[in-house]
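One structure below.
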Amino acid sequence: MTVPRGGRRIAAALAITLALTACVPIPLLSHTVTGSRENLGDSMPGAIVEGKSTREDVLLALGEPDRRGIDDRWFTYESASSLGGVQVVLVPPGYAEPAALATREEVRYRVVVVRFDPQGVVTAAHFAEHVCRQWRPGFEEAHPCVDLAAGVEPIARGSSLDARATLGSEAGERLRDSFIDAAYRRGDHWIDGAAFVTNRAVYFLDRAAQGEPVSRLVFRWSAAEIAEIAWGDFDAAAGAATVRMRHADGSVELLAFKRLALAGSDDSVVFDRTRAERFMDTVRSIENPSTR
Amino acid sequence: MRFSLGLAALALVGVLTACVNAPVGRQDLLDFLQEGVTHREEVRMRLGEPSSQYESDRILAFRLAKDSGGYVLVKPGNTWSGVGYNLMLAFDDDGVLRRHTLVEVRAP
C-alpha cells in the first residue's frame, strides 16, 4: 500500500503528538475541603450533653453553626475533609493548559445535628460520619454521596410532626432522632409517615393526604415492648432496607426508610439502607431495653 | 551608574513586597473584652456588625482571621474560607459580657 507523502507527514505528526500528550496521574494529598470548617472531631463534641447543655454552651464551644432552623430550634455543624486520591490529568504538548480528565478521591463528611427545646436546652444530638469514594469528572468539586443531615428534615419540612413526637407521654421523654419519609407495613400496604425515637419509645405517625393535621399516631412502642430489632425479609416494594421490629408479645411489624429527595430536584425517592441502619442503632440505644 | 540602578530596582521590589505582605491584623483587637465589664454597645462600636446573632442579640458571633500582626475581622460569608476563628460573646440581660470564647474554626 502506498501512502502519499503528505499523509506520512500527518501520521508522523500525529504519532509525535500522541507520544508527547500524556495522561499523568497526580496523587492528591489529604486536606480540608475549601470552605469547610475544621473543628469537628471524630465523635460527638463533649460540650453537647442532652438535657444539660444550652444553646449558649454549644455556640461558645463550636462557634456559628453551618445551618440553623427557624427560631434556632436546631443547628447543624458540618465538615468535609479529603483523605487523598488521584487526579488524572491530560498534559498536551507544548504550552497548552493541562486538563483534568477525572478525579478519584475519598472525602470524609461529618455532621453534628443539635436540637433545642423552647428554653434552649439540648433535647437531642446526633453525630454522623461517612466517607464517600467517588470518581468525578474534571475539576468538579466533591459532593456528599449521602444526606448526613437527613435527621434535620422533619423539623424543616414538617414541624408539627416533630412537635407531636417531642411531647412524648413519659416525664423526661426527649426526642433522640426522627425519620421523615419512613414507611410502615400494614397488611399488604405501605403507609407513608415518620418514625420518631425518643429516649424511651418509638413512635410512628402516618401522614394525612393533605392539610392539617399532617400526622396521626399509628403506634407507640415503649422500650419494654421492643423485643428485637433486626433486618426484615426482602420486600419487593420496599427493597432490602426493611427493618423488622418484634414486640414482647411476639407480634412483628415492618418499617422501611426512604432516601429524601433533594429539594427542588427531580430525584425519585428510593428506599435507603443507611437511614434504616441509623434507625436501628438509635432504637438499640434507647433506655430501659428490659427485654433484651 | 549601572550598579546604582540595580540597587534602586532591588529597593523598589523590596518596598513593594513589603506593601503586599504588610500585616493588617492587630494584636490588641480583642483586649478590651472583659467579662462582667464590657457592654454590648461597646463591642458593636469597636467590632461593627456581628456575623450572626442568637437569642435576641444575647449571643453575638464575629469572624476573624489572624496574620503576623494579630487578628483581623472577616466579613460574613457562606463558607469558612479565609476565616480562622469565631469570636463568640454571650451577654447578660443588662447587655454586659458574661462569657466569651475564641473558637478555632480552621487551622491558621
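Chains V and Z, in that order, are what the protein sequence lines are. Residue numbers are given in our numbering: position 186 of the first sequence equals residue 186, and the series is strictly consecutive. Counting the second sequence from 1 gives a position; our numbering is that position plus 1000. We put the CB at the ideal spot given by N, CA and C, even for glycine. Since the structure is predicted, the reported quantities are computational estimates derived from the model, not experimental observations.
Looking only at its chain, what residues have a beta carbon closer than 8 Å to the beta carbon of residue 285(V), apart from the 5 residues adjacent to it on each side? 176.
I need the boundaries of the beta strand (DSSP E) containing residue 248(V), first residue and last residue. For residue 248(V), there is no enclosing beta strand (DSSP E), as DSSP marks it with neither H nor E.
Name the DSSP bridge partner or partners of residue 82(V)? BP columns for residue 82(V) point to 31(V), 107(V).
How should residue 22(V) be labelled, buried or exposed, when 16 other C-beta atoms within 10 angstroms of its C-beta is the threshold for buried? Result: exposed.
Starting from residue 229(V), follow its DSSP beta bridges and name the residues at the other end. For residue 229(V), DSSP records a beta bridge to 245(V).
Taking residue 39(V) as the query, report the chain Z residues whose CB atoms sit under 7 Å from its CB, ordered along the chain. Per Cβ cutoff of 7 Å: 1103, 1104, 1105.
Determine the chain Z residues that contact residue 108(V) at a beta-carbon separation under 9 Å, and present them in chain order. The contacting residues do not exist; residue 108(V) stays about 16 Å from chain Z at best.
Is it buried or exposed for residue 189(V), if we count other Cβ within 10 angstroms and need 16 for buried? By the Cβ neighbour-count rule, residue 189(V) is exposed, with fewer than 16 other Cβ atoms within 10 Å of its own.
Sequence-distant residues of its chain with Cβ nearer than 8 Å to residue 1100(Z) (five each side left out): The residues are 1033, 1035, 1087, 1088, 1089, 1090.
Determine, using beta carbons only, whether residue 1061(Z) and residue 1072(Z) come nearer to each other than 7 Å. With contacts defined by Cβ atoms closer than 7 Å, residue 1061(Z) and residue 1072(Z) do not form a contacting pair.
Kindly indicate if chain Z contains any beta-carbon less than 7 Å away from that of residue 78(V). Residue-level contact check: residue 78(V) does not touch chain Z, since none of the beta carbons of chain Z fall below 7 Å from its beta carbon.
Taking the Cβ atom as the reference point for each residue, do residue 310(V) and residue 179(V) lie within a distance shorter than 7 Å? The question about residue 310(V) has no answer here: the residues shown for chain V are numbered 1 through 292.
Could you please give the first and the last residue of the uninterrupted alpha helix (DSSP H) stretch that includes residue 279(V)? DSSP places residue 279(V) in the uninterrupted alpha helix (DSSP H) bounded by 273-284.
Count the CB pairs spanning the stretch 121-128 of chain V and the stretch 78-93 of chain V that are closer than 8 Å, and state whether there are at least three. No, the stretch 121-128 of chain V does not touch the stretch 78-93 of chain V.
Count the other C-beta atoms from every protein chain shown that fall within 10 angstroms of the C-beta of residue 1037(Z), then say buried if there are 16 or more, exposed otherwise. With fewer than 16 other Cβ atoms within 10 Å, it is exposed.
Please check if any C-beta of chain V sits within less than 7 Å of the C-beta of residue 1081(Z). Using a CB distance cut-off of 7 Å, residue 1081(Z) counts as an interface residue toward chain V.
Beta-carbon gap between residue 244(V) and residue 252(V) smaller than 7 Å: Taking 7 Å as the Cβ cut-off, residue 244(V) and residue 252(V) qualify as a contacting pair.
Between which two residues does the beta strand (DSSP E) carrying residue 59(V) extend? Where residue 59(V) is concerned, there is no enclosing beta strand (DSSP E), although the alpha helix (DSSP H) it sits in stretches over 55-62.
Quick check: is the beta carbon of residue 1088(Z) nearer than 7 Å to any beta carbon in chain V? Cβ-Cβ to chain V under 7 Å: yes for residue 1088(Z).
I'd like the span of the alpha helix (DSSP H) that includes residue 1047(Z), first residue to last. Element bounds for residue 1047(Z): 1040-1047.
Put residue 72(V) into one of helix, strand or coil per three-state DSSP. Looking at residue 72(V) - three-state DSSP - the assignment turns out to be helix.
Give me the chain Z residues within the contact set of residue 59(V), using Cβ-Cβ distance strictly less than 8 Å, ordered along the chain. Going along chain Z in sequence order, the residues near residue 59(V) (Cβ under 8 Å) are 1054, 1059, 1061, 1088, 1090.
Does the stretch 105-122 of chain V come within contact of the stretch 73-81 of chain V, defined as at least 3 CB pairs closer than 8 Å? Contact between the stretch 105-122 of chain V and the stretch 73-81 of chain V is present, because at least three Cβ pairs lie under 8 Å.
Cβ neighbours of residue 276(V) in the same chain (closer than 6 Å, five flanking residues each side left out): Correct list, in chain order: 241, 243, 257.
Straight-line CA distance for residue 1024(Z) to residue 279(V)? A straight-line Cα-Cα distance of about 50 Å links residue 1024(Z) and residue 279(V).
Curious, which full-length beta strand (DSSP E) runs of at least 3 residues does the stretch 1043-1105 of chain Z contain? Listed in chain order, the beta strand (DSSP E) runs fully inside the stretch 1043-1105 of chain Z are 1052-1054, 1059-1067, 1070-1074, 1085-1091, 1097-1104, counting runs of at least 3 residues.
Extent of the continuous beta strand (DSSP E) to which residue 195(V) belongs: Boundaries of the beta strand (DSSP E) harbouring residue 195(V): 189-198, taken from the DSSP string.
When you compare only the Cα positions, how much space is there between residue 11(V) and residue 273(V)? Approximately 54 Å, taken between the alpha carbons.
Could you tell me which of 137(V), 182(V), 282(V) sits nearest to residue 200(V), measuring between CA atoms? The shortest C-alpha separation from residue 200(V) is found at 282(V).
For residue 223(V) versus residue 248(V), is the C-beta distance shorter than 7 Å? Result no, Cβ atoms of residue 223(V) and residue 248(V) do not sit closer than 7 Å.
What did DSSP end up calling residue 115(V) once you bin it into helix, strand or coil? In this structure, DSSP gives residue 115(V) an extended state, which the three-state scheme calls strand.
Please state whether the Cβ-Cβ distance between residue 1043(Z) and residue 1063(Z) is less than 7 Å. Between residue 1043(Z) and residue 1063(Z), the gap from beta carbon to beta carbon reaches 7 Å or more.
Determine the burial state of residue 37(V): buried for a count of at least 16 other Cβ atoms within 10 Å of its Cβ, exposed for fewer. Residue 37(V) should be labelled buried.
Anything in chain V within Cβ reach of residue 1044(Z), meaning under 9 Å, just list it in chain order. For residue 1044(Z), there are no C-beta contacts with chain V under 9 Å, since the nearest C-beta of that chain is about 17 Å from it.
Grab me the residues of residue 324(V)'s own chain with a C-beta within less than 7 Å of its C-beta, minus the 5 sequence neighbours each way, in chain order. With chain V covering 1 to 292 only, the question about residue 324(V) has no answer from this structure.
Can you name, in chain order, every residue of its own chain whose Cβ lies under 7 Å from the Cβ of residue 1093(Z), other than the five neighbours on each side? Cβ contact annotation for residue 1093(Z) (same chain, cutoff 7 Å, sequence separation greater than five): none.
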